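Going by the working numbering, the first residue of the sequence shown is number 34, and it counts up by one from there. Notes follow once the structure below has been shown.
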Amino acid sequence: MTSIDDTPAGPALSSLRRARDRFLGGRPPGDGVPEDLAQAWRRARFFGVPRDLTAPPRVRPPVDPPLLAAARPALDRVAPTLSGGMGLVLVDSRCRALWSGGGRYTGTSADVAGLDLSEKAVGHNSAALALRTGRRAEVHGPEHFLDLWQEVSTVSVPLYEPAAGRPAGAVTVVAPLAEDRTAHPGAAIAEATAHAVETELLGRARPPERQLLDAYLRQRADGAAVVALDGSSRLVSPEAARLLSHETLTRLERRATALVRDADTGPEGARAGAPEENAGPEGARTGTPAENTGPEGPRSAAPEESAGPEGAHTATPEAIAAPEAIAAPEEFAVPDGAGLTVRMSRLTHGGEVIGAVATVCPAARRARAAERHDHDRLPGLVGTSRPWRLAVSGATELARSAEPLLLIGEAGVGKTALARALLTLRGSAAPRVVDAAEQVPGEVPRWCHALAEGQGGAAALLLRHAERLGQSDVAALLSLLERRPAVPLVATHTPGAPTGPCLSRLLDILSARSVALPPLRERVDDIPALLTAFTGHPSPGRPPLTWSLDARRALEQHTWPGNVAELAHVVREVAERRRATGPVRREELPYGLRVPPATRRLSGMERAERTAILEALRRHGDNKARAAESLGIGRATLYRKLRAYGMDQA
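Structure, rendered in structure tokens:
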């Protein structure tokens with residue numbers, strides 16, 4: 034609710050009438066009109082609002098709106114006390130009239146339910162202004178765009194639901210126009226009514242945790258195996274605890290976290306879901322769901338730090354490994370060896386997603402042999418997530434024959450490491466490695482010539498950055514492939530750079546036997562194992578580098594534009610700079626990594642701005658002055674934006 038500060042005095046009503054007539058006649062309204070009022074009139078003209086409407090248009094009213102149910106007791110108490118022709122109107126967040134009482138709403142029918150009072154429908158009015166600004170708003174007589182409301186004065190106060198960040202509706206008091214343009218006589222009534230309605234809303238609010246429990250109990254009443262999750266807690270029935278592994282429950286929890294945080298941001302935002310736990314080098318949850326039972330069913334253990342071995346994660350379907358905002362319900366298989374599927378439905382409260390309820394269903398056992406190829410025998414590779422294992426399995430199958438193989442992926446995903454492992458698997462001699470980005474002349478043509486001359490014992494070629502090949506190298510490879518299609522060649526390709534016709538033809542030929550490697554943001558389950566691999570052996574006299582749960586969560590929330598190579602760089606940087614002992618804390622990470630997720634849902638433009646700020650800080654080593662200069666803004670503006678996005682405490 035807003036304060037009841039008096040509305041500042043404005044131009045006399047007579048001058049406003051003349052200005053409005055000039056504006057509606059196609060002339061400038063004049064200098065005496067406040068700019069925000071002139072803009073409101075221009076918006077109404079842009080929306081095509083006819084000035085001579087006899088009544089606001091109608092839209093379909095909501096069915097049994099919760100706002101009206103909560104507001105009705107207060108409205109029924111206030112309306113009979115109104116005098117002097119004053120009336121009371123309630124609108125929802127879309128400026129649809131829900132209720133009216135007291136004096137007649139001038140120029141409308143007695144039944145206001147469903148009247149559209151938005152700016153697009155009726156032009157400037159106090160209800161639309163209060164919802165747009167989030168503050169009390171007054172509009173008097175000629176300030177309205179419609180002829181219909183030239184003799185009324187209105188004041189509107191927005192209504193905020195508990196814990197809501199935007200108005201859920203507004204209370205409006207309508208009164209006959211007073212020519213002296215004093216403050217609206219119903220301002221105090223509107224404020225008091227809004228306060229009473231908000232108090233009722235608070236009393237009626239059901240905590241999301243209670244709604245989660247109710248949904249869990251409803252599903253359990255049918256004897257189903259149920260898991261209810263909201264990203265911070267979970268309820269697991271004994272039946273579900275017997276059927277689902279700890280790893281699957283963890284991924285279901287991550288999916289629920291993504292739904293709660295990213296229901297309106299699309300798949301790109303949802304991929305950043307942070308698990309509450311992961312098996313990792315320094316610790317894992319110590320309890321299984323079955324160990325924490327209660328009257329409603331088992332509740333998961335709280336995460337804690339504990340020493341433990343590096344954990345291998347059970348494979349999960351892409352629906353769990355890369356969560357997205359989903360339509361409820363969605364059914365997908367889980368890899369717990371019992372041929373099961375899970376049907377997950379999102380749970381809403383007040384129009385917001387607060388969690389999910391997952392029901393375990395019997396399903397046919399799915400063959401997973403394709404995912405269990407010889408991945409474990411490939412040296413130098415780290416990771417057990419499903420996207421990574423699928424890519425490695427596909428590449429391993431193709432590498433069994435000595436024919437060209439193309440590995441495709443973003444920079445830093447591990448294409449070269451996989452290529453070396455595949456060539457080792459073939460049992461051939463050490464490959465000849467050529468990096469096209471280094472532009473070493475003659476290397477590729479000499480290798481092509483050796484093979485063309487029948488030197489079958491020539492070493493295989495590992496060609497890095499095929500997109501950077503020169504014209505002579507491309508010509509030599511095309512000529513060789515025309516004569517000998519089966520050559521021992523493994524090439525890596527990073528899409529994005531423009532390619533000429535000859536190079537495009539070469540890539541088209543190689544793509545017949547190609548594998549795309551997933552970026553790190555799609556295989557966050559592998560981060561604990563990668564951290565262990567990159568940490569390596571500590572220097573003499575120094576303890577091994579371990580990572581706190583909070584730091585690991587920060588790493589799993591990062592989008593990793595540089596992929597595995599960027600993660601390796603971060604580990605080296607932290608190891609070189611830190612002087613403290615114990616597990617690495619979030620505060621020790623580079624700025625762009627230790628910033629927590631946004632505390633509220635951001636619009637598309639806000640997300641883009643936040644990302645640009647983080648990238649600038651990362652680029653300039655957390656130097657805010659240089660980051661602000663690179664963004665073209667002042668340092669004070671940067672600090673203000675850091676506070677607005679909750680990034681000032683990092």
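We put the beta carbon where it would ideally sit given N, CA and C, even for glycine. In this text, all values refer to a predicted model and were calculated from it rather than measured experimentally.
- Whole-angstrom C-beta distance between Leu262 and Ala389, which should lie under 8 Å: Taking the first residue of the sequence shown as position 1, residue 389 is located at position 356. Taking the first residue of the sequence shown as position 1, residue 262 is located at position 229. Confirmed, Cβ separation roughly 6 Å.
- The beta strand (DSSP E) enclosing Ser189, as first and last residue numbers: Within the sequence shown, numbered from 1, the residue matching residue 189 stands at position 156. Val185 to Tyr193 is the span of the beta strand (DSSP E), which, as asked, contains Ser189.
- Query: Between which two residues does the alpha helix (DSSP H) containing His228 stretch?
  - Reply: Residue mapping note: residue 228 aligns to position 195 of the sequence shown, counting from 1. His228 -> alpha helix (DSSP H) spans Ala220 to Arg237.
- Message: For Ala587, tell me which candidate among Glu471, Pro561, Pro577 and Gly413 has the shortest Cα-Cα distance.
- Response: The count along the sequence shown starts at 1 and reaches residue 587 at position 554. Closest option to Ala587, Cα to Cα, is Pro561.
- Message: Given this structure, state the Cα-to-Cα distance separating Asp125 from His228, to the nearest angstrom.
- Response: Stepping through the sequence shown from its first residue, residue 125 is reached at position 92. Stepping through the sequence shown from its first residue, residue 228 is reached at position 195. Looking at the two C-alpha atoms, the distance is approximately 16 Å.
- Item | C-alpha gap between Leu86 and Arg640, whole angstroms | As a position in the sequence shown, residue 86 is number 53, starting the count at 1. As a position in the sequence shown, residue 640 is number 607, starting the count at 1. The straight-line gap from Cα to Cα measures roughly 40 Å.
- Could you have a look at Arg673 and say whether DSSP puts it in helix, strand or coil? On the sequence shown, position 640 is the one that residue 673 refers to. The answer is helix: DSSP assigns Arg673 an H, G or I state.
- Item | Rounded separation between Ser544 and Glu486 - CA only | Locating residue 544 in the sequence shown gives position 511, where the first residue counts as 1. Locating residue 486 in the sequence shown gives position 453, where the first residue counts as 1. Looking at the two C-alpha atoms, the distance is approximately 26 Å.
- Taking C-beta to C-beta, are Leu438 and Leu431 nearer than 9 Å? Indexing the sequence shown from 1 puts residue 438 at position 405. Indexing the sequence shown from 1 puts residue 431 at position 398. Going by C-beta atoms, Leu438 is nearer than 9 Å to Leu431.
- Message: On the CB-based measure, 16 or more other CB atoms within 10 Å of its CB, does Val597 come out buried or exposed?
- Response: Walking along the sequence shown from the start, residue 597 turns up at place 564. Counting Cβ neighbours within 10 Å, Val597 comes out buried, since at least 16 surround it.
- Kindly provide the ranges of any beta strand (DSSP E) runs that are 3 or more residues long and lie completely inside the stretch 423-453, ordered along the chain. 438-441
- Under a Cβ-count criterion, where at least 16 other Cβ atoms within 10 Å of its own Cβ denotes burial, should Met638 be classed as buried or exposed? Here the question's residue 638 lines up with position 605 in the sequence shown. Exposed.
- Item | Cβ-based burial, Gln72 [other Cβ within 10 Å; buried from 16] | Along the sequence shown, one-based indexing puts residue 72 at 39. Classification of Gln72: exposed, given that the 10 Å Cβ count is below 16.
- Item | Sufficient close CB pairs (3 or more, under 8 Å) joining the stretch 155-166 to the stretch 186-206 | yes
- Query: Quick one: Cα of Arg619 to Cα of Pro83, how far?
  - Reply: Counted from its first residue, the sequence shown places residue 619 at position 586. Counted from its first residue, the sequence shown places residue 83 at position 50. Whole-angstrom Cα-Cα distance: 58 Å.
- Message: Contact defined as beta carbons within less than 8 Å: I believe Leu100 pairs with Gly202. What is the distance between those atoms, to the nearest angstrom?
- Response: In the sequence shown, counting from the first residue as 1, residue 100 sits at position 67. In the sequence shown, counting from the first residue as 1, residue 202 sits at position 169. About 5 Å separates the two Cβ atoms, so the contact holds.
- Which one or two residues does DSSP pair with Trp686 in a beta bridge? Nothing about residue 686 can be reported from this structure: the residues present for the chain run from 34 to 683 only.
- Query: Just the Cα atoms here: how many angstroms apart are Arg376 and Glu385?
  - Reply: Walking along the sequence shown from the start, residue 376 turns up at place 343. Walking along the sequence shown from the start, residue 385 turns up at place 352. Their Cα atoms are separated by approximately 20 Å.
- Task: Please confirm if the stretch 448-467 is in contact with the stretch 496-509, defined as three or more CB-CB distances below 8 Å between the two stretches.
- Result: yes
- Item | Neighbourhood of Leu115 by C-beta distance below 6 Å, restricted to the same chain and skipping five residues each side | The count along the sequence shown starts at 1 and reaches residue 115 at position 82. These residues qualify, in order along the chain: Gly135.
- Message: What would DSSP say about Phe365, mapped onto helix, strand or coil?
- Response: As a position in the sequence shown, residue 365 is number 332, starting the count at 1. Of the three classes helix, strand and coil, the one that applies to Phe365 here is strand, per DSSP.
- Proximity to Arg538 [Cα-Cα], best of Gly569, Leu502 and Ala549: Within the sequence shown, the letter at position 505 stands for residue 538. Among Gly569, Leu502 and Ala549, the Cα nearest to that of Arg538 is on Leu502.
- Task: Kindly list the residues whose CB is nearer than 6 Å to the CB of Thr592, restricted to its own chain and excluding five residues on each side of it in sequence; keep chain order.
- Result: Taking the first residue of the sequence shown as 1, we reach residue 592 at position 559. Closer than 6 Å at Cβ, skipping near neighbours: Arg554.
- Query: Grouping DSSP H, G and I as helix and E and B as strand, with all else coil, what is Cys394?
  - Reply: The count along the sequence shown starts at 1 and reaches residue 394 at position 361. Strand.
- Those residues which DSSP pairs with Asp468 across a bridge: Numbered from its first residue, the sequence shown carries residue 468 at position 435. According to DSSP, Asp468 bridges with Arg497.
- Query: If you drop the 5 nearest sequence neighbours on each side, which residues of the same chain put their C-beta closer than 6 Å to that of Ala170?
  - Reply: Locating residue 170 in the sequence shown gives position 137, counting from the first residue. Closer than 6 Å at Cβ, skipping near neighbours: Ser159, Leu162, Ala163 and Ser189.
- Query: Can the beta-carbon of Arg517 be found closer than 9 Å to that of Leu484?
  - Reply: Numbered from its first residue, the sequence shown carries residue 517 at position 484. Numbered from its first residue, the sequence shown carries residue 484 at position 451. Yes, they are a contact pair.
- Starting from the Cα of Glu286, find the closest Cα among Arg267, Ala274, Arg275 and Glu272 and give me that residue. Locating residue 286 in the sequence shown gives position 253, counting from the first residue. Nearest C-alpha to Glu286: Arg267.
- Which same chain residues, not among the five before or five after Gly447, have their C-beta less than 6 Å away from its C-beta? Along the sequence shown, read from residue 1 onward, the residue named residue 447 stands at position 414. Closer than 6 Å at the Cβ level, and outside the excluded window around Gly447, lie Val597.
- Message: I'd like to know whether the C-beta atoms of Val603 and Leu626 end up nearer to each other than 9 Å.
- Response: For the purposes of this step, residue 603 is taken as the residue at position 570 of the sequence shown. For the purposes of this step, residue 626 is taken as the residue at position 593 of the sequence shown. Yes, Cβ-Cβ distance for Val603 and Leu626 is below 9 Å.
- Task: Label Pro521 either buried or exposed according to how many other C-beta atoms from any shown protein chain fall within 10 Å of its C-beta, with 16 as the threshold for buried.
- Result: By 1-based counting over the sequence shown, the position of residue 521 is 488. With 16 or more other Cβ atoms within 10 Å, it is buried.
- Work out the CA separation of Leu564 and Glu599 for me, nearest whole Å. As a position in the sequence shown, residue 599 is number 566, starting the count at 1. As a position in the sequence shown, residue 564 is number 531, starting the count at 1. Approximately 12 Å, taken between the alpha carbons.
- Item | Extent of the continuous beta strand (DSSP E) run through Thr568 | Counting from one through the sequence shown, the residue named residue 568 turns up at place 535. Looking at the DSSP string, Thr568 is not in any beta strand (DSSP E); the run it does join, the alpha helix (DSSP H), is Ile560 to Thr568.
- Task: Could you check if Ser505 is buried or exposed, using at least 16 other CB atoms within 10 Å of its CB as the buried criterion?
- Result: In the sequence shown, the residue the question calls residue 505 occupies position 472. With fewer than 16 Cβ atoms within 10 Å of its Cβ, Ser505 is classed as exposed.
- Does the distance from the CB of Val206 to the CB of Ile222 come in under 9 Å? Position 173 of the sequence shown holds residue 206. Position 189 of the sequence shown holds residue 222. Their beta carbons are under 9 Å apart, which means Val206 touches Ile222 by this criterion.
- Item | Limits of the unbroken beta strand (DSSP E) element including His526 | Numbered from 1 along the sequence shown, position 493 holds the residue referred to as residue 526. Per DSSP, His526 belongs to the beta strand (DSSP E) from Leu522 to His526.
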